[in-house]
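Accompanying notes for the structure given below.
Residue numbers (the numbering used here), protein chains in the order written: chain Z, 176 to 558; chain E, -18 to 578.
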């Protein structure tokens, strides 16, 4: 059923699993550490992991690299340099490919950022979340609003011209005006990209166990609409549910996820997806979550689980991602990225169109305004 | 026959009937320790969970008494709920005596009173027993007085026991053999066997539990069921010890089973008489009647594909439940399903639960309704089982509703609350009697009001202390109207209810409001209206949801997003699509959930 005539683009994701403090809303694989984390051992483990996985992507080129966490900006520039060198010497990379590092404003100094830039990191994603000290405190952040501003200024000074700010809205006790103020502050700092997303309470978080009082849904909706107007007026174009970018500054790495591209995963708790044309299959796999266990395990044991996607899963997961993009997808991308025939979309697609959730022009499908607001309902038609 | 004792246990739920029964079985060695699963008699899961008995069962025990003689004790378990009062009366008919078990701290409850009166009417020797005597809250003196005041039997030498710890249980067995008389009946007379219960066994067919009133029956006899006139070849007779144990014959005074190759329990209905073809008795035992369902509800599979499974499941349940009636029903809102008749609300809940649990069906149940009698202008009399079938107003001469007599027993502190509730439920007081600290209230009220939420309300206004029993009296003309519910201006047939005209405005408003709470916000505004004929009496709106989007979805781990979406999808599966609107199962019972306290 699955047949690949070509393979989708391939990205590389590296996870750094430590934070100074675990935020109560965070459901990523992050662990607090005391005094220090085993930097060198971790870098060695990542390289070992990469070498073990090389055969599964033999001959393929990497189009982007994202180092996320956790708080990867805790790494020293030397360690990062070692890691990047190891990657470059083992993989073919797209010339000038996007290399993003996530940074916490509380872990920044000028010399470190300059070094990051010098070793080849060309995009920073700074987790601001809010500029309001009261809200930052409620979110369990380790930095102040002033430090957040300063971190962005340092990033600019250090030569980062491709810069994302992560910002949340719908925070506990946040008024609409405060939400808009946060957004205005972020825009005024002149990043090239803003991820503006609503706080959601995820299972397995502290907030899930002790939910904070959140603003009313209708109020959050008004805030979202006003914020989107503000972003648009300042040339930040929405291209995904929560992602807004200046022209030509969309995040290549995330775009690849949303277009159902492949990604190799290194690091504790990292998830990867690899398509293979020799077996005509798509598999997902995930690494051991505990950093110590990940470091200690032999390369083969680092991967804690994997599964081959069934046809149904593939269609559903493609939609789960691709319909998040404002532009939607075309049938050719569907076929090349899933290895499936576009005919398989006909029934659910027609249903979605009848319900006014999806629109088609020629080979191109995109969510309608209604479908974009009720994306979960739209995607579930393919489930 | 002199050494046989046939008895029942009368007790309110939780007063310890099953525990005491287990204790008897243990003392008489009916089961080894290993076989002794707690509460042997309540063998269905639902029975054990709810602490009630649905099917009557029996057990024959050998008890060596202090006088040195060995007695055969036949304990006949009775269903413990008002919905099954006819079955109770047949079980009691099979006995010469009954143990009245009363919780020594909680005192007498209406259910026990009703069953106890039935037992006394049938001439049984009633032996009062106070259970849970070892609890600190036990007040034997007060409860003994209550038994004497309320039931009117001598209770000063009531047995004091704790079934749980075993205190007094052997003394109770002694009392039992001395106080309860031995059965009478001529073993050489023509056979008269009373059917106490029957159930379907996948291996042997129908098993009939009988009390032999006179005569005898053995393997290879040809027997005759008197109400149907049909004959059967007897395969096997015996007793439950509680294991099924074959014996050479059953004779006058005994309780046991007959297996005769029957395929349907309809062939052996509770209360019927069995005799022998060769030498029949000239008259059947008195008291046999056909049980009529009093409450009807529509049940529809959520997945239309499940219709055949649903029908099959109902047929299987029917094998063991002669009171269950069903016929196909088609609803424009809910598609194909069945209209099912039940003895009462508990019976309905049990059936629904078994269908969902044992047969893995997702069902939508519509609000239960009683049977109305409608006399049309053309002089026909119709039995209306479904509000949707009510004729147009101009064709109705008169609607008659079933009226019950309710017997309520409660501590006097709550009399005011309970009377207000009865008045709200259109009750008419027949009697009020103070007995010690308890009050007995007798009301006539429409069964439809009881079906709605009377049980729950009674429990809440009396903090759980009031108990309740009822019997059907008659049909009586009433000013009733049909209230329709419209969703986005379309009538939903499955939501229609029949309500007294005086209450229709208020209830219409309450239902529309409750529906608003029960229908989740969706992509569009949803208008809910209640109407009588063309007249809209209430409206409410479910405001459209703004969005349903997962805010964050970064690469890596899609499994959690999947879980969320799968959960949403599953939630939708339990809803019924009506036009653009998805209606959850709950909403079809909105009329029951109106909280007017």
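Note that the Cβ used here is the ideal one computed from N, Cα and C, for glycine as well.
message = According to DSSP, simplified to helix, strand and coil, what is residue 294 (chain Z)?
response = coil
Check your understanding: Rounded to a whole number of angstroms, what is the C-alpha to C-alpha distance between residue 564 (chain E) and residue 316 (chain E)?
Key -> 14 Å
Report task. Quick one: residues in its chain with C-beta nearer than 7 Å to the C-beta of residue 349 (chain Z), no 5 flanking neighbours on either side, listed in chain order? Result -> Exclusion of the five residues before and after residue 349 (chain Z) leaves 310 and 390 as the residues of its chain whose Cβ lies within less than 7 Å of its Cβ.
| task | Check each residue of the region 205 to 232 of chain E: if its Cβ is closer than 7 Å to any Cβ of chain Z, include it; give the result in chain order. | result | none
>> Taking the alpha-carbon of residue 376 (chain E) as reference, which of E:388, E:384, E:166 and E:363 has the nearest alpha-carbon?
In response: E:363
Grab the span of the beta strand (DSSP E) containing residue 519 (chain E) for me, first residue to last. 516 to 523
For a test of the three-state rule: what should DSSP assign to residue 23 (chain E), helix, strand or coil? Low confidence applies here, because residue 23 (chain E) scores a pLDDT of 47, under 50, leaving its location unreliable and the question unanswered by this model.
Discussion item. Which residues in chain E have a C-beta closer than 8 Å to the C-beta of residue 373 (chain Z)? List them in chain order.
Written reply: Listed by position along chain E, the residues whose Cβ is nearer than 8 Å to that of residue 373 (chain Z) are 532.
Practice item. Taking a Cβ distance cut-off of 8 Å, strictly less, list which residues of the region 502 to 516 of chain E are near chain Z, in chain order. Key: 504
| field | Where the alpha helix (DSSP H) through residue 431 (chain Z) begins and ends | value | 427 to 433
- Task: Kindly list the residues whose CB is nearer than 6 Å to the CB of residue 64 (chain E), restricted to its own chain and excluding five residues on each side of it in sequence; keep chain order.
- Result: 324, 325, 327 and 328
* **Selected residue, minimal CA-CA separation from residue 466 (chain Z), among Z:321, Z:244 and Z:433** => Z:244
Query - Beta-bridge pairing of residue 541 (chain Z) - partner residues as DSSP gives them - result: Z:534
* Taking 8 Å as the threshold, find out whether the region 217 to 230 of chain E comes into contact with the region 38 to 46 of chain E through three or more Cβ pairs. => yes
From residue -7 (chain E) to residue 556 (chain Z), what distance separates their C-alpha atoms?
For residue -7 (chain E) and residue 556 (chain Z), the distance between alpha carbons rounds to 52 Å.
- If we cut at 8 Å on Cβ distances, does residue 469 (chain E) have a partner in chain Z? no
**Q.** Complete runs of the beta strand (DSSP E) confined to the region 277 to 329 of chain E [at least 3 residues]
**A.** 306 to 312 and 316 to 323
| message | Within the continuous alpha helix (DSSP H) that includes residue 159 (chain E), where are the two ends? | response | 150 to 160
Continuous beta strand (DSSP E) stretch holding residue 186 (chain E): start and end
186 to 195
Q) What residue range is occupied by the uninterrupted alpha helix (DSSP H) comprising residue 92 (chain E)? A) 91 to 102
For residue 233 (chain Z), count neighbouring C-beta atoms within 10 Å of its own C-beta (all shown protein chains included) and say buried if the count is 16 or more, exposed if not.
-> exposed
- Task: Could you tell me whether any Cβ in chain E is nearer than 8 Å to the Cβ of residue 549 (chain Z)?
- Result: yes
ask   = Does the distance from the CB of residue 583 (chain E) to the CB of residue 93 (chain E) come in under 8 Å?
value = Residue 583 (chain E) cannot be examined here, being either before or after the span of chain E that is shown, -18 to 578.
Give the DSSP bridge partners of residue 557 (chain E), in chain order. Answer is E:564.
(Q) Between the alpha carbons of residue 128 (chain E) and residue 472 (chain E), how many angstroms are there, rounded? (A) 53 Å
Of all the CB atoms in chain E, is at least one closer than 8 Å to the CB of residue 396 (chain Z)? yes
TODO: Name the two residues that bound the continuous alpha helix (DSSP H) containing residue 363 (chain Z).
DONE: 351 to 363
Next item on the list: State the beta-bridge partners of residue 84 (chain E) as determined by DSSP.
Entry: E:112
Check your understanding: Alpha carbon to alpha carbon, how far is residue 10 (chain E) from residue 80 (chain E)?
Key -> Approximately 20 Å between the Cα atoms of the pair.
### Query
In chain E, which residues lie with their C-beta within 8 Å of the C-beta of residue 416 (chain Z)?
530, 531, 532 and 534
CA-to-CA distance, residue 375 (chain Z) to residue 394 (chain Z), given in whole angstroms:
As the crow flies, the alpha-carbon of residue 394 (chain Z) is around 15 Å from that of residue 375 (chain Z).
Is the region 197 to 208 of chain E in contact with the region 248 to 256 of chain E, if contact means three or more CB pairs nearer than 8 Å?
-> yes
Query raised in the report: Where are the alpha helix (DSSP H) runs, 4 residues long or more, that stay fully inside the region 444 to 510 of chain E, in chain order?
Result: 482 to 499
Give me the chain E residues within the contact set of residue 561 (chain Z), using Cβ-Cβ distance strictly less than 8 Å, ordered along the chain. Chain Z is shown only over 176 to 558; residue 561 (chain Z) falls outside these bounds and no answer can be derived.
Check: Is the shortest distance between the beta-carbon of residue 545 (chain Z) and the beta-carbons of chain E less than 8 Å?
Finding: yes
| Sequence-distant residues of its chain with Cβ nearer than 7 Å to residue 319 (chain Z) (five each side left out) | 308 and 311
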